[in-house]
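Residue numbers (my numbering): 624 to 1412. All C-beta atoms in this analysis are idealised placements derived from N, C-alpha and C, irrespective of residue type, glycine included.
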Amino acid sequence: MTKFTIFLWLFVLPFGVLAQVKISGQITDSQNKPLELLEVQLQNNQALITHSDLTDSKGNFSLTTPKGTYTLLIKHLGKVLKEQTINASQDVNLGIIILNDTPQQLQEVVVNSKKKLIERKVDRLVFNVENSISASGGDAIDALKITPGIRVQNDAISMIGKSGMAVMVNDRIIQLRGEDVVNYLKTLSSDDIKKIEVITTPPAKYDAEGNSGLINIVLKQGVLNSWSNSIRSAYIQTTYPSVSMGNTLNYSKNKFNIRATVDGKVGNELGIDIIDIQYADQKWETTNNRKISQNFYSSDIFIEYISKKSKIGFNYILNNSIPNINDNYIAKINSLSGVSSILSNGNVNQNNINHSFNVHLYQTLDTIGKKVGVELDYVNYKSSRDRNFLTRNFDINQIQTNLYSGLNNGSQKIDIYSARVDVEHPNKYFNLSYGAKISTTKTNNDVSFFETTSGMPIIDLTQTDNFLYTENTQALYINGNKNISEKWSIQLGLRYEFTQTLGESITLAQNNKLKYNQFFPTFYLQHTANENNIFNINYSKRIKRPTFSELNPFRWYINEYSYAEGNPFLQPSFADNFEFTHIYKSKLISTMFFQYNTNGFGQVPVNKDLELAILRKNFYNYYTIGISETYIFNKFSWWQSQNTLYTFYTDSKIISEGIQLKPLNGFTYNISTNNSFILNKNKTLTAEVSFNYQGPMSILIADQDSNYSLDFGVRYFMLDKNLQISFNVYDLFKTSFSDSRIVSNNTLYTFNEFSDNRYFKLSAIYKFGNKKINIEEKDSNLEEKGRIK
């Protein structure tokens, strides 16, 4: 039996295992006029929506469902107009269902339903998920896939035009990262989401760290005194297989909300690093094949007590990853005398453990909207990393000429403490908010290197160090917004951050102190010209700080001829961002943007006596100017398509001394389309197809070739939509990677980093419980934890 036959059998079999009955009827008002576009839903005894339909122009609806007892709900965009219990042991014709609402009441429902699919607030774009037929019946990831400005690719979420992004639920940043974020969002039903807010320019309330944006998922009102559970598992086949499993329990009783989650994964993936180096009199062709462990475990518990005017809660998250690596390095050295070679084998044993604690209190002070919130966070991160490698040299006759082995030991301990206070203080002049945050980070890095060629480890004191780093930051902010008129609104914000750092090298007896302070203004102005045209302009200033590992000055060896090292003198970079956006009929979103970056830092390859050194330096300024166009096609209830063209021009200037780097300038573009299809009337079979093309790009010091990827997937719901089975294929043609070239000190480096982006994934999610509920999360430590790498 072929894999295709098995796959086909898996999705066809469920159609015939349950006997189906038909429930039909017609809906009219009290004056016997048919009511069109009302949503008719079937709800099972676990309060889960299993089937839905929209009434046609004559008020008719028809639902096909397995036999059983259901509650029939008649809704208009979330408002229940009527409900009744149905025992569907055979076909049921309900005849004419008369809604007793007066014409005025029904008119109010219609007026409320005119909320557009896409709206623009002064500081964010709003996607009204509850108005989207395509988003219904899925999970939060499905809703994000059709959210303008958001890209979901290979189960990774990103924001177009931003280098980073954080996810909030009900205005509170969730603490999870990577796969944990995706797994959590898959437990949220899209039918429970009211709207998704895309914040490309975060207001002054949030940390100024990074060129990043925010996504805020706003949930509908939860259900009290209820519980639900979600079990999930997945099989992933890259070059190597891996398996993941997880469970989430939500429980609500009286004034308490509790969520407990566990997730785990075992398996491996392949990484291939190909680097060609053109020296003056020889060329090195190097390939490093890496088998990378994907083993991890995480758990999360969230407890919150809610009274009429206050919320108090606790959140604990444990993440434990073991990304061990086995690698094989081959270098062919082409010279006039012939081809010699270098072979190196190595392994990395690594263990990362992260404990995160959060306590929060929110208090409503009066009836006009005054609120105060307090959050306390503590993060404890520990990482141990040991690398052994053995290098052998062969001459042009393939005779071994040298043998060298070494051992790198490294450990990192990070403690982060933070506290913040936020106040909402509306008055007759502005909707005012203000607050403060303090944070302290203490980092302890131990690095040692031993030569082990003789069989006895001999320590190299020049490559051994204990590096201590302390960072303290104090921040204040104030923000206010106001509707100047029916068509004009404005928002102003100012954030002040003062940072003091101390880096101490115990071995070198060297201290590096740095103090800097900066104001970070934000500005938004919006004009609603008419129902079809909205214009928005905004500005923000941002900061990007080095990660804690980038500040560690000592070397980490890949083999005898290549290493990477940090830089304790790295300083933060700053960016000024401008955006101008026009939204036409909630379907076409046009954005012009300009960004100016100063004192940027990153990795630079340098040739040191035929050694490849990867150094970190502040080495560039650059500006970017561009435009993005997003068109949303949703003329059919069964097909929704989001299509984006993103193009920009960059101009770079090298500011680093001591290294000759060639700045690169030019245009590039990106084209993407994401398409969701509903394949049957009951919305139990769906499909998706996504395509992304990145054009050739010259930016900073790198020249990069084009690449593209094609993804597709199908999903089937069964057992009253309690069981969801999905099959996805990512990067079908294995084309999502490309070559890039850098010239440093007159040496040409060509890089090709291959990741296991082509894979298929078979996953299942089973939900049960007496109701569906949703729990909120929070985190005030996002900036500091994002720099743990």
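Under the assumption that residue i contacts residue j (Cβ atoms under 8 Å), give the Cβ distance between them as a whole number of angstroms.
| i | j | result |
| --- | --- | --- |
| S1006 | S960 | With 8 Å as the limit, S1006 and S960 do not qualify as a contact, their Cβ atoms being about 44 Å apart. |
| T688 | L665 | 6 Å |
| W1262 | N1297 | 12 Å between Cβ atoms; not a contact. |
| I1322 | L1287 | 6 Å |
| S647 | K828 | The Cβ separation is near 51 Å, so there is no contact. |
| Q860 | Y1382 | 6 Å |
| N949 | N1011 | The pair is not a contact, with the Cβ atoms about 10 Å apart (cut-off 8 Å). |
| F1242 | I898 | Not a contact, Cβ separation roughly 20 Å. |
| D1018 | S967 | That pair is no contact at about 16 Å. |
| I773 | I838 | 7 Å |
| N683 | Q649 | 5 Å |
| N1368 | V1229 | 6 Å |
Is residue j closer than 8 Å to residue i when the C-beta atoms are compared?
| i | j | result |
| --- | --- | --- |
| L740 | I819 | no |
| N981 | N943 | no |
| N1380 | Y1353 | yes |
| G836 | I822 | yes |
| N1175 | F1090 | yes |
| I1388 | S853 | yes |
| V889 | S922 | no |
| N1220 | Y1245 | yes |
| N1393 | R743 | no |
| Y1147 | Q1114 | yes |
| I840 | T910 | no |
| E1376 | D896 | yes |
| V809 | A883 | The displayed chain sequence assigns Lys, not Val, to residue 809. Not closer than 8 Å, so no. |
| Q973 | S933 | no |
| N873 | S851 | yes |
| G612 | I881 | It is not possible to answer for residue 612, since the shown part of the chain is limited to 624 through 1412. |
| N1003 | H983 | no |
| N1104 | V745 | yes |
| N912 | N947 | no |
| Y1027 | E1183 | yes |
| S867 | S856 | yes |
Could you compute how far the alpha carbon of residue i sits from the alpha carbon of residue j?
| i | j | result |
| --- | --- | --- |
| T580 | I1129 | Coverage of the chain is limited to positions 624 through 1412, which leaves residue 580 absent and any answer about it impossible. |
| H674 | I1166 | 48 Å |
| K1164 | N1102 | 15 Å |
| Q643 | T692 | 13 Å |
| L1284 | Q1226 | 12 Å |
| T793 | G1029 | The sequence as given places Asn at residue 793; Thr does not occur at that position. Straight-line Cα distance between these residues: approximately 51 Å. |
| T1096 | N975 | 26 Å |
| T708 | K690 | 13 Å |
| I780 | V804 | 9 Å |
| I945 | Q1086 | 25 Å |
| G1058 | V1046 | 6 Å |
| T651 | L696 | 15 Å |
| L1342 | E998 | 42 Å |
| P1195 | I1157 | 36 Å |
| I1082 | T1253 | 58 Å |
| A1187 | K1384 | 34 Å |
Quick check on DSSP: helix, strand or coil for residue i?
| i | result |
| --- | --- |
| Y1040 | strand |
| Q1283 | coil |
| I991 | coil |
| L740 | coil |
| E1074 | strand |
| I1129 | coil |
| Y1052 | coil |
| I1324 | coil |
| T770 | coil |
| A763 | helix |
| D1000 | strand |
| N947 | coil |
| D596 | Only positions 624 to 1412 of the chain appear in the structure, and residue 596 is not among them; the question remains open. |
| S1172 | helix |
| E1109 | coil |
| G1392 | strand |
Using a Cβ-Cβ distance under 8 Å, would residue i count as near chain D?
| i | result |
| --- | --- |
| M1215 | Here there is only one protein chain, and chain D is not present. |
Beta strand (DSSP E) segments (min. 3 residues) lying fully within the region 816–869: The region 816–869 contains these whole beta strand (DSSP E) runs: 816–822, 835–842 and 849–860.
Give, in chain order, every unbroken run of the beta strand (DSSP E) that is at least 3 residues long and sits entirely within the region 1175–1205. Scanning the region 1175–1205 from its first residue to its last, the whole beta strand (DSSP E) runs of 3-plus residues come out as 1178–1182 and 1185–1188.
Runs of beta strand (DSSP E) lying entirely within the region 656–727, each at least 3 residues, in chain order: For the region 656–727, whole beta strand (DSSP E) runs of length 3 or above, ordered along the chain, are 662–666, 672–677, 683–689, 691–699, 702–711 and 715–721.
Can you check the region 1209–1271 for any alpha helix (DSSP H) of at least 4 residues that lies completely inside it and give the ranges in chain order? Listed in chain order, there is nothing to give.
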